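Undergrad: Sending over a structure as structure tokens; questions will come in a sec.
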Ligand code: CA
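In the numbering used here, the protein residues as written are 1 to 230.
Encoded structure:
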């Protein structure tokens, strides 16, 4: 059965959507906090997301961009829900990667029709089962990391850091971005904490091969075997 994730902080509206979506035969998940959405999407891989624009912590546009930047999530259809009707906002929403855009207040039957259309349009979503960089392999099903044939034991934070780096090889991620993505917005963590976890990640990985994690002075980190400059 297809699952629809409703991201909406107005509880009455979220429940109205849930009621109507369930009547259409969908399983429904509700999330109201912007900074929790990515985690929920990663865990449940919904067939479609109804995404409110104005949310606490992280806006719908930011969430949309974040989801689109993940190779294993980028094909999930997203319908943005917004009180903003201006053409400019619509363009912004669609540029961020939304497939469709519905202005509040909307008619429920019309929204349900849009859900059906976008669901049908969605290509078959084959979840990515593993990510690779050179001899490093992340098994996303078992949540395990290997280097060659060797199993690498990583803590959950190191696992998430490695996954972000390997999803975008060569891209330098700032400490701030990594903090926001790995720990979320509402937790205060000193930016040097990242360095501690990167050190642990390096130590674990390098036991079985060369160091591919690149430190970019005063900027952040990437995984890039050709640009090691330390
Ligand atoms: Ca809202």
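Note that the Cβ used here is the ideal one computed from N, Cα and C, for glycine as well. Please read all numbers here as calculations on a predicted model, not as lab measurements.
Helix, strand or coil, according to DSSP, for residue 219 in the structure here?
TA: Start at 1 with the first residue of the chain shown, and residue 219 comes out as number 219. If DSSP states are grouped into helix, strand and coil, residue 219 belongs with coil.
Undergrad: Using DSSP with H/G/I as helix, E/B as strand and the rest coil, what is residue 112?
TA: Locating residue 112 in the chain shown gives position 112, where the first residue counts as 1. Here residue 112 sits in helix by DSSP.
Undergrad: Do you know how far the Cα of residue 94 is from the Cα of residue 36?
TA: Translated into positions along the chain shown, residue 36 becomes position 36. Translated into positions along the chain shown, residue 94 becomes position 94. Distance between the alpha carbons of residue 36 and residue 94: 22 Å.
Undergrad: Would the C-beta of residue 62 count as close to ligand 1, meaning under 8 Å from any of its heavy atoms?
TA: Residue mapping note: residue 62 aligns to position 62 of the chain shown, counting from 1. No - ligand 1 has no heavy atom lying nearer than 8 Å to the Cβ of residue 62.
Undergrad: Can you name the residues that DSSP bridges to residue 48?
TA: The residue you call residue 48 lines up with position 48 of the chain shown. 4, per the DSSP bridge assignment.
Undergrad: Considering only heavy atoms of ligand 1, does any lie closer than 8 Å to the CB of residue 55?
TA: As a first step, residue 55 is located in the chain shown; it is residue number 55 there, counting from the start. For ligand 1, at least one heavy atom lies less than 8 Å from the Cβ of residue 55.
Undergrad: Relative to the alpha-carbon of residue 194, which residue among 174, 205, 204, 211 has its alpha-carbon at the smallest distance?
TA: Taking the chain shown and counting its residues from 1, the one referred to as residue 194 is at position 194. Nearest of 174, 205, 204, 211 to residue 194, Cα basis: 174.
Undergrad: Measuring only the C-alpha atoms, how far is residue 65 from residue 73?
TA: Stepping through the chain shown from its first residue, residue 65 is reached at position 65. Stepping through the chain shown from its first residue, residue 73 is reached at position 73. Those two C-alpha atoms are separated by around 11 Å.
Undergrad: Taking just the CA atoms, how far does residue 1 sit from residue 160?
TA: Stepping through the chain shown from its first residue, residue 160 is reached at position 160. Stepping through the chain shown from its first residue, residue 1 is reached at position 1. Their Cα atoms are separated by approximately 29 Å.
Undergrad: Can you tell me which of the three DSSP states residue 144 falls into?
TA: Along the chain shown, one-based indexing puts residue 144 at 144. The answer is strand: DSSP assigns residue 144 an E or B state.
Undergrad: Where are the beta strand (DSSP E) runs, 3 residues long or more, that stay fully inside the segment 139 to 201, in chain order?
TA: 144 to 147, 150 to 152
Undergrad: May I have the straight-line CA-CA distance separating residue 214 from residue 55, to the nearest angstrom?
TA: Here residue 214 refers to the residue found at position 214 of the chain shown. Here residue 55 refers to the residue found at position 55 of the chain shown. About 35 Å.
Undergrad: Using the Cα positions of residue 58 and residue 150, report the straight-line distance between them to the nearest angstrom.
TA: Walking along the chain shown from the start, residue 58 turns up at place 58. Walking along the chain shown from the start, residue 150 turns up at place 150. The straight-line gap from Cα to Cα measures roughly 38 Å.
Undergrad: For residue 16 versus residue 141, is the C-beta distance shorter than 9 Å?
TA: Looking up residue 16 in the chain shown gives position 16. Looking up residue 141 in the chain shown gives position 141. One thing to note: residue 16 has its Cβ no nearer than 9 Å to the Cβ of residue 141.
Undergrad: State yes or no: is the beta carbon of residue 28 nearer than 9 Å to at least one beta carbon in chain B?
TA: No chain B appears in the structure shown, which is made up of a single protein chain.
Undergrad: Rounded to the nearest angstrom, what separates residue 18 and residue 113 at their Cα positions?
TA: Looking up residue 18 in the chain shown gives position 18. Looking up residue 113 in the chain shown gives position 113. For residue 18 and residue 113, the distance between alpha carbons rounds to 15 Å.
Undergrad: If we ignore side chains and look at the alpha-carbon of each, how far apart do residue 188 and residue 182 end up?
TA: Residue 188 sits at position 188 when you count from the first residue of the chain shown. Residue 182 sits at position 182 when you count from the first residue of the chain shown. For residue 188 and residue 182, the distance between alpha carbons rounds to 12 Å.
Undergrad: Return helix, strand or coil for residue 128, following the three-state DSSP convention.
TA: Residue numbering aside, residue 128 sits at position 128 when the chain shown is read from its first letter. Residue 128 falls in the coil class under three-state DSSP.
Undergrad: Less than 9 Å separating the beta-carbons of residue 62 and residue 96?
TA: Counting from one through the chain shown, the residue named residue 62 turns up at place 62. Counting from one through the chain shown, the residue named residue 96 turns up at place 96. The answer is yes: Cβ separation under 9 Å.
Undergrad: Would you kindly report the start and end of the unbroken beta strand (DSSP E) that includes residue 73?
TA: For the purposes of this step, residue 73 is taken as residue 73 along the chain shown, with counting starting at 1. Unbroken run through residue 73: none, as it is neither H nor E.
Undergrad: In three-state terms, what does DSSP make of residue 89?
TA: In the chain shown, residue 89 corresponds to position 89, counting from 1. In this structure, residue 89 counts as helix in the three-state DSSP scheme.
Undergrad: Have a look at residue 157 and residue 3 and give me their C-alpha separation to the nearest angstrom.
TA: Here residue 157 is taken as the residue at index 157 of the chain shown, counted from 1. Here residue 3 is taken as the residue at index 3 of the chain shown, counted from 1. Whole-angstrom Cα-Cα distance: 28 Å.
Undergrad: Please state whether the Cβ-Cβ distance between residue 224 and residue 170 is less than 9 Å.
TA: Translated into the one-based positions of the chain shown, residue 224 becomes position 224. Translated into the one-based positions of the chain shown, residue 170 becomes position 170. Yes, the pair counts as a contact, with Cβ atoms nearer than the cut-off.
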